[in-house]
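Residue numbers (the numbering used here): 18 to 407.
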């Protein structure tokens, strides 16, 4: 038996945060990271809408790029004082991830991060509060996923939390909130979303529901990402929807080794997550295409986005070339070396990255099994910008 879980409600389009004027509740706790949301008037507008709904609100700001245990604990402390029945997270992946973790420990104060990091181990939620997530970037899709990652800065331990209980109750995709995204962020988040959709489509636990979302997302991303990067605002709005479709897909189908590689190298090599995926994706497609089922699915994707090929292998090659073409048009590095990673530093880290990438949870749903030796070879090929042949 399989399960498919998404938010109960999704509000989208221009000025979709107007929904907050109709929401039910008494007290709302708003979590965000960027002060830009204050200076742009977004937080004030949210509080005005909540006031119209008869809801008192308070804010928690300054969530860092990789949300920490300390930030989560401080948020929980403030929640316990305020006693909200509604938690609203707005921003990119970090503040929404942080708010999800705050929610867990607000509801279950005796629970631990160690227990929370055990997959699908959370107790029942929504005893004290419901959760609304509002995304201001177009890539992570954490507004519709069952995931959160929190880092203990004192020990360096990352706590990946995966449980359908923390899938938000409501997701809001206000397409006006992404109009001012910097070009580099458009590129990085867009390629992250493409990787989400491609990996979900070939996942070993993909199903007809995740397939439909992933395929439509891929079509929309290929059509709109480069246009969005070049300033086409309608394309940017379409990308905000496309990344959400990919999120609903991978939240249920999980991912693959491109993400495993990005997870284990991003912090060590200081490579932005979306860029890491963009560098790793072509070779992971080539690697996985040796699996018969995955190969046929990649060929199907190529056909659906209008690529040409006389046979399955030619279609797979066309898909890989399309990924590289998009990466280039987005001004992204094609290799770790081109990005500026020192070779000596890379070689000193690659063995450990390979071992930990194999152990990453995303590897478990990759369509082709992989060893640390082959994972290392993938990393080295990505460093040099070379195609693999194994």
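We treat Cβ as the ideally placed atom computed from N, Cα and C, and that holds for glycine. Remember, it's a predicted structure, so these values are computed and weren't measured experimentally.
### Query
With C-beta atoms as the reference, is residue 122 less than 8 Å away from residue 86?
Against the chain shown, residue 122 aligns to sequence position 105. Against the chain shown, residue 86 aligns to sequence position 69. Not closer than 8 Å, so no.
### Task
Can you check DSSP and say which residues form a bridge with residue 108?
The residue given as residue 108 occupies position 91 in the chain shown. Bridge partners of residue 108: 152.
### Neighbour-count burial assignment, residue 174, 16 or more Cβ in a 10 Å radius
Reading the chain shown from its first residue, position 157 is the one you call residue 174. With fewer than 16 Cβ atoms within 10 Å of its Cβ, residue 174 is classed as exposed.
### Nearest neighbour of residue 335, chosen from 321, 105, 285 and 363 [CA to CA]
The residue given as residue 335 occupies position 318 in the chain shown. Checked all of 321, 105, 285 and 363; the closest Cα to residue 335 is 321.
### Query
Taking residue 106 as the reference, which of 300, 118 and 100 has the closest Cα?
Here the question's residue 106 lines up with position 89 in the chain shown. The shortest C-alpha separation from residue 106 is found at 118.
### Task
Determine the extent of the beta strand (DSSP E) in which residue 4 is found, giving its start and end residues.
Residue 4 lies beyond the residue range present for the chain, which begins at 18 and ends at 407; the question has no answer from this structure.
#### Entry: Residue span of the beta strand (DSSP E) that contains residue 77, given as start and end
In the chain shown, counting from the first residue as 1, residue 77 sits at position 60. Element bounds for residue 77: 73-77.
### Bridge-paired residues (DSSP) for residue 147
Along the chain shown, one-based indexing puts residue 147 at 130. 103.
### Query
Where does residue 123 fall in DSSP's three states?
One-based indexing of the chain shown puts residue 123 at position 106. Residue 123: helix per DSSP, three-state reduction.
### Message
Using DSSP's beta-bridge definition, name the partner residues of residue 168.
### Response
Within the chain shown, numbered from 1, the residue matching residue 168 stands at position 151. Looking at the DSSP assignment, residue 168 forms a beta bridge with 85 and 175.
### Query
Quick one: is residue 143 buried, meaning 16 or more other Cβ sit within 10 Å of its Cβ, or exposed?
The residue you call residue 143 lines up with position 126 of the chain shown. It is exposed - the Cβ of residue 143 has fewer than 16 other Cβ atoms within 10 Å.
### Task
From the DSSP output, in three-state form, read off residue 302 for me.
What you label residue 302 is simply residue 285 of the chain shown in a count that begins at 1. Correct three-state label for residue 302: helix.
### Message
To the nearest angstrom, how far is the alpha carbon of residue 299 from that of residue 314?
### Response
Position 282 of the chain shown, counted from the first residue, corresponds to residue 299. Position 297 of the chain shown, counted from the first residue, corresponds to residue 314. Distance between the alpha carbons of residue 299 and residue 314 is about 15 Å.
### Query
Roughly how many whole angstroms lie between the Cα atoms of residue 349 and residue 338?
On the chain shown, residue 349 is found 332 positions in, with the first residue counted as 1. On the chain shown, residue 338 is found 321 positions in, with the first residue counted as 1. Going from the Cα of residue 349 to the Cα of residue 338 covers about 15 Å.
### Task
Check residue 271 in the structure and name its three-state DSSP category.
For this step, residue 271 is matched to residue 254 along the chain shown. If DSSP states are grouped into helix, strand and coil, residue 271 belongs with coil.
### Query
What are the start and end residues of the beta strand (DSSP E) that includes residue 26?
Residue 26 sits at position 9 when you count from the first residue of the chain shown. Run containing residue 26: 26-30, per the beta strand (DSSP E) assignment.
### Residues bridged to residue 188 (per DSSP)
Here residue 188 corresponds to residue number 171 of the chain shown, with the count starting at 1. DSSP lists 27 and 150 as partners of residue 188.
#### Entry: CB-CB length for residue 192 against residue 291, believed under 8 Å
The residue given as residue 192 occupies position 175 in the chain shown. The residue given as residue 291 occupies position 274 in the chain shown. Their Cβ separation, rounded to whole angstroms, is 20 Å, which puts residue 192 and residue 291 out of contact at 8 Å.
### Query
Does the region 260-272 come within contact of the region 362-373, defined as at least 3 CB pairs closer than 8 Å?
no
### Query
How big is the Cα-Cα spacing for residue 392 and residue 96?
Along the chain shown, read from residue 1 onward, the residue named residue 392 stands at position 375. Along the chain shown, read from residue 1 onward, the residue named residue 96 stands at position 79. Approximately 43 Å between the Cα atoms of the pair.
### Query
Is residue 328 buried or exposed, if buried means 16 or more other CB atoms sit within 10 Å of its CB?
If you number the chain shown from 1, residue 328 lands on position 311. Exposed.
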